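Everything below concerns the one structure shown next.
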Amino acid sequence: MVIEGADANASVTGNSNPSPMQFRLTGMLIMPNDEEYDLSGCAVTAGAYGDISSERVLVRTDRLSCKIKGHTIDMPVKGHVSFMGKNGIKGEPVIRNGKLVGYAFAGGFIDALGSGISQVGSSTVGIGASSTTSFGDVARGGLGGGVQQSGKMVSEYLIKRAEQYHPVIPVGAGVDITVVFQEGFQLEFIEQMRQKKNKRALRKLLRPPSTNRLSKG
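Here my numbering is used: the sequence shown runs in plain steps of one and ends on residue 214.
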(Lines of atoms letter the chains of each structure in order from A and count residues from 1; the text may use other names and numbers.)
(Lines give C-alpha, C1' and ligand atoms only; values in the text may rest on other atoms or scores of the structure.)
Protein backbone atom coordinates (compact mmCIF):
# COMPACT_ATOMS: atom_id res chain seq x y z
CA MET A 1 0.00 0.00 0.00
CA VAL A 2 1.19 3.50 -0.85
CA ILE A 3 1.76 5.57 2.30
CA GLU A 4 3.67 8.42 0.61
CA GLY A 5 2.57 9.37 -2.88
CA ALA A 6 4.26 11.60 -5.43
CA ASP A 7 3.75 13.89 -8.39
CA ALA A 8 5.99 11.88 -10.68
CA ASN A 9 7.93 13.86 -13.27
CA ALA A 10 6.73 12.71 -16.71
CA SER A 11 9.04 14.87 -18.82
CA VAL A 12 11.69 13.52 -21.20
CA THR A 13 14.32 13.71 -18.45
CA GLY A 14 12.03 12.59 -15.63
CA ASN A 15 13.86 9.33 -14.99
CA SER A 16 17.02 11.26 -14.08
CA ASN A 17 15.28 12.91 -11.12
CA PRO A 18 12.89 10.36 -9.55
CA SER A 19 10.44 11.40 -6.85
CA PRO A 20 10.65 9.59 -3.48
CA MET A 21 7.81 7.24 -2.53
CA GLN A 22 7.19 4.91 0.40
CA PHE A 23 5.13 1.73 0.68
CA ARG A 24 3.91 -0.47 3.52
CA LEU A 25 3.82 -4.23 3.00
CA THR A 26 0.47 -5.62 4.14
CA GLY A 27 0.61 -9.24 2.97
CA MET A 28 2.76 -12.32 2.82
CA LEU A 29 5.89 -12.40 0.70
CA ILE A 30 5.25 -15.07 -1.95
CA MET A 31 8.39 -16.96 -2.94
CA PRO A 32 9.00 -19.74 -5.50
CA ASN A 33 7.34 -23.12 -4.93
CA ASP A 34 4.49 -21.42 -3.04
CA GLU A 35 6.72 -20.65 -0.06
CA GLU A 36 5.68 -17.63 2.03
CA TYR A 37 7.29 -15.31 4.53
CA ASP A 38 5.57 -12.71 6.67
CA LEU A 39 6.91 -9.20 6.03
CA SER A 40 3.72 -7.42 7.09
CA GLY A 41 4.38 -3.93 8.37
CA CYS A 42 7.74 -3.57 6.65
CA ALA A 43 8.43 -0.32 4.79
CA VAL A 44 9.86 -0.05 1.30
CA THR A 45 11.31 3.20 -0.05
CA ALA A 46 11.52 3.82 -3.78
CA GLY A 47 12.04 6.35 -6.55
CA ALA A 48 9.34 7.07 -9.14
CA TYR A 49 9.06 8.83 -12.49
CA GLY A 50 6.24 9.16 -15.00
CA ASP A 51 5.88 7.65 -18.46
CA ILE A 52 3.60 9.95 -20.45
CA SER A 53 2.98 7.45 -23.26
CA SER A 54 1.58 4.72 -20.99
CA GLU A 55 0.22 7.18 -18.40
CA ARG A 56 1.84 5.18 -15.62
CA VAL A 57 4.25 5.94 -12.80
CA LEU A 58 7.26 3.62 -12.96
CA VAL A 59 8.74 2.77 -9.57
CA ARG A 60 12.11 1.29 -8.64
CA THR A 61 12.59 0.12 -5.06
CA ASP A 62 15.45 1.37 -2.93
CA ARG A 63 15.50 -0.03 0.62
CA LEU A 64 13.57 -2.43 2.85
CA SER A 65 13.14 -1.58 6.55
CA CYS A 66 11.62 -3.90 9.16
CA LYS A 67 11.45 -4.65 12.85
CA ILE A 68 11.26 -8.44 13.32
CA LYS A 69 11.40 -10.11 16.74
CA GLY A 70 13.12 -7.09 18.24
CA HIS A 71 15.75 -6.95 15.51
CA THR A 72 16.09 -4.23 12.88
CA ILE A 73 16.44 -4.78 9.14
CA ASP A 74 17.52 -1.98 6.80
CA MET A 75 18.96 -3.17 3.51
CA PRO A 76 18.92 -2.34 -0.20
CA VAL A 77 16.54 -4.30 -2.43
CA LYS A 78 16.08 -4.32 -6.19
CA GLY A 79 12.54 -4.43 -7.46
CA HIS A 80 9.62 -2.59 -9.03
CA VAL A 81 5.95 -1.92 -8.36
CA SER A 82 3.00 -3.23 -10.36
CA PHE A 83 -0.66 -2.22 -10.36
CA MET A 84 -3.47 -4.51 -11.56
CA GLY A 85 -0.97 -6.91 -13.09
CA LYS A 86 1.07 -4.34 -15.04
CA ASN A 87 4.35 -2.63 -14.34
CA GLY A 88 3.81 0.86 -12.96
CA ILE A 89 0.92 2.65 -11.26
CA LYS A 90 -1.85 4.00 -13.49
CA GLY A 91 -2.46 7.74 -13.22
CA GLU A 92 -3.86 10.79 -14.98
CA PRO A 93 -1.21 13.09 -16.54
CA VAL A 94 -1.42 16.76 -15.61
CA ILE A 95 0.09 19.34 -17.99
CA ARG A 96 0.30 22.91 -16.67
CA ASN A 97 2.47 24.71 -19.23
CA GLY A 98 -0.19 25.24 -21.91
CA LYS A 99 -1.16 28.76 -20.77
CA LEU A 100 2.47 29.91 -20.59
CA VAL A 101 3.11 28.63 -24.12
CA GLY A 102 0.11 30.67 -25.27
CA TYR A 103 1.51 33.76 -23.57
CA ALA A 104 4.88 33.15 -25.23
CA PHE A 105 3.11 32.99 -28.60
CA ALA A 106 1.42 36.31 -27.82
CA GLY A 107 4.81 37.79 -26.94
CA GLY A 108 6.18 36.61 -30.27
CA PHE A 109 3.21 38.18 -32.04
CA ILE A 110 3.90 41.51 -30.31
CA ASP A 111 7.55 41.21 -31.40
CA ALA A 112 6.51 40.76 -35.02
CA LEU A 113 3.93 43.55 -34.76
CA GLY A 114 6.53 45.99 -33.44
CA SER A 115 8.86 45.07 -36.28
CA GLY A 116 6.09 45.77 -38.76
CA ILE A 117 5.24 49.13 -37.18
CA SER A 118 8.86 50.28 -37.30
CA GLN A 119 9.07 49.49 -41.01
CA VAL A 120 5.83 51.23 -42.06
CA GLY A 121 6.54 54.18 -44.36
CA SER A 122 10.24 53.36 -44.84
CA SER A 123 11.53 53.77 -48.37
CA THR A 124 14.64 52.72 -50.22
CA VAL A 125 16.52 55.34 -52.25
CA GLY A 126 19.15 54.91 -54.90
CA ILE A 127 22.77 56.04 -54.96
CA GLY A 128 23.14 59.81 -54.86
CA ALA A 129 19.54 60.40 -53.81
CA SER A 130 18.54 61.96 -50.51
CA SER A 131 15.63 61.25 -48.21
CA THR A 132 14.08 63.43 -45.51
CA THR A 133 12.85 61.73 -42.33
CA SER A 134 9.87 63.38 -40.68
CA PHE A 135 9.15 63.51 -36.96
CA GLY A 136 6.26 61.12 -37.50
CA ASP A 137 8.58 58.55 -39.05
CA VAL A 138 10.97 58.85 -36.11
CA ALA A 139 8.13 58.47 -33.62
CA ARG A 140 6.73 55.51 -35.54
CA GLY A 141 10.15 53.85 -35.64
CA GLY A 142 10.69 54.43 -31.92
CA LEU A 143 7.26 53.07 -31.05
CA GLY A 144 7.75 50.03 -33.25
CA GLY A 145 11.23 49.36 -31.87
CA GLY A 146 10.00 49.63 -28.28
CA VAL A 147 7.07 47.30 -28.91
CA GLN A 148 9.34 44.85 -30.72
CA GLN A 149 11.94 44.82 -27.94
CA SER A 150 9.39 44.44 -25.14
CA GLY A 151 7.56 41.68 -27.03
CA LYS A 152 10.82 39.83 -27.55
CA MET A 153 11.78 40.08 -23.87
CA VAL A 154 8.33 38.94 -22.72
CA SER A 155 8.39 36.03 -25.16
CA GLU A 156 11.85 34.86 -24.01
CA TYR A 157 10.86 35.15 -20.34
CA LEU A 158 7.66 33.15 -20.79
CA ILE A 159 9.43 30.47 -22.82
CA LYS A 160 11.97 30.04 -20.01
CA ARG A 161 9.11 29.81 -17.50
CA ALA A 162 7.34 27.23 -19.67
CA GLU A 163 10.50 25.10 -19.76
CA GLN A 164 10.40 24.94 -15.95
CA TYR A 165 6.94 23.35 -16.08
CA HIS A 166 6.66 19.69 -17.00
CA PRO A 167 3.86 17.11 -17.08
CA VAL A 168 3.34 15.12 -13.91
CA ILE A 169 1.39 11.98 -13.04
CA PRO A 170 0.09 12.20 -9.46
CA VAL A 171 -0.25 9.13 -7.24
CA GLY A 172 -1.92 9.53 -3.86
CA ALA A 173 -1.62 7.56 -0.65
CA GLY A 174 -3.81 4.53 0.01
CA VAL A 175 -3.43 2.86 -3.39
CA ASP A 176 -3.07 -0.92 -3.21
CA ILE A 177 -0.07 -2.07 -5.24
CA THR A 178 2.21 -5.10 -5.55
CA VAL A 179 5.93 -4.88 -4.80
CA VAL A 180 7.94 -7.25 -7.00
CA PHE A 181 11.48 -8.08 -5.88
CA GLN A 182 13.56 -8.73 -9.00
CA GLU A 183 16.57 -10.21 -7.21
CA GLY A 184 16.72 -12.57 -4.27
CA PHE A 185 18.08 -11.34 -0.96
CA GLN A 186 18.79 -12.67 2.50
CA LEU A 187 17.31 -10.85 5.45
CA GLU A 188 20.11 -9.68 7.69
CA PHE A 189 19.67 -7.86 10.95
CA ILE A 190 21.61 -4.65 11.53
CA GLU A 191 23.02 -6.19 14.72
CA GLN A 192 24.41 -9.12 12.71
CA MET A 193 25.89 -6.77 10.14
CA ARG A 194 27.62 -4.80 12.90
CA GLN A 195 29.03 -7.99 14.43
CA LYS A 196 30.41 -9.10 11.07
CA LYS A 197 31.92 -5.68 10.50
CA ASN A 198 33.54 -5.69 13.93
CA LYS A 199 34.93 -9.20 13.39
CA ARG A 200 36.44 -8.20 10.06
CA ALA A 201 38.01 -5.14 11.63
CA LEU A 202 39.39 -7.24 14.51
CA ARG A 203 40.88 -9.85 12.15
CA LYS A 204 42.47 -7.09 10.14
CA LEU A 205 43.91 -5.57 13.31
CA LEU A 206 45.33 -8.89 14.57
CA ARG A 207 46.72 -9.94 11.21
CA PRO A 208 50.55 -10.11 11.39
CA PRO A 209 52.33 -7.62 9.17
CA SER A 210 53.62 -9.06 5.94
CA THR A 211 57.38 -8.91 5.31
CA ASN A 212 58.92 -8.61 1.90
CA ARG A 213 61.92 -10.83 1.47
CA LEU A 214 64.33 -10.01 -1.30
CA SER A 215 66.09 -12.97 -2.80
CA LYS A 216 69.77 -12.52 -3.37
CA GLY A 217 71.05 -13.70 -6.73
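C-beta atoms are modelled at their ideal positions from N, C-alpha and C, and glycine is treated no differently. In this text, all values refer to a predicted model and were calculated from it rather than measured experimentally.
- Linking residue 194 to residue 50 through their CA atoms gives a straight-line distance of about 46 Å.
- Taking a contact as a CB-CB distance under 8 Å, the pair residue 47 and residue 82 does not count as one, their CB atoms being some 20 Å apart.
- For residue 90, the closest C-alpha among the options 4, 201, 29, 42 is that of 4.
- When the Cα atoms are used, residue 21 and residue 41 turn out to be separated by approximately 6 Å.
- Taken atom to atom, the span from the alpha-carbon of residue 74 to that of residue 161 is near 33 Å.
- For residue 19, the enclosing beta strand (DSSP E) begins and ends at 16 to 21.
- Residue 80 is bridged by DSSP to 83.
- Under the DSSP assignment, residue 1 falls in the beta strand (DSSP E) whose first and last residues are -1 to 1.
- By alpha-carbon distance to residue 189, the top candidate from 72, 0, 172, 178 is 72.
- Comparing alpha-carbon positions, the option among 64, 43, 196 lying closest to residue 58 turns out to be 43.
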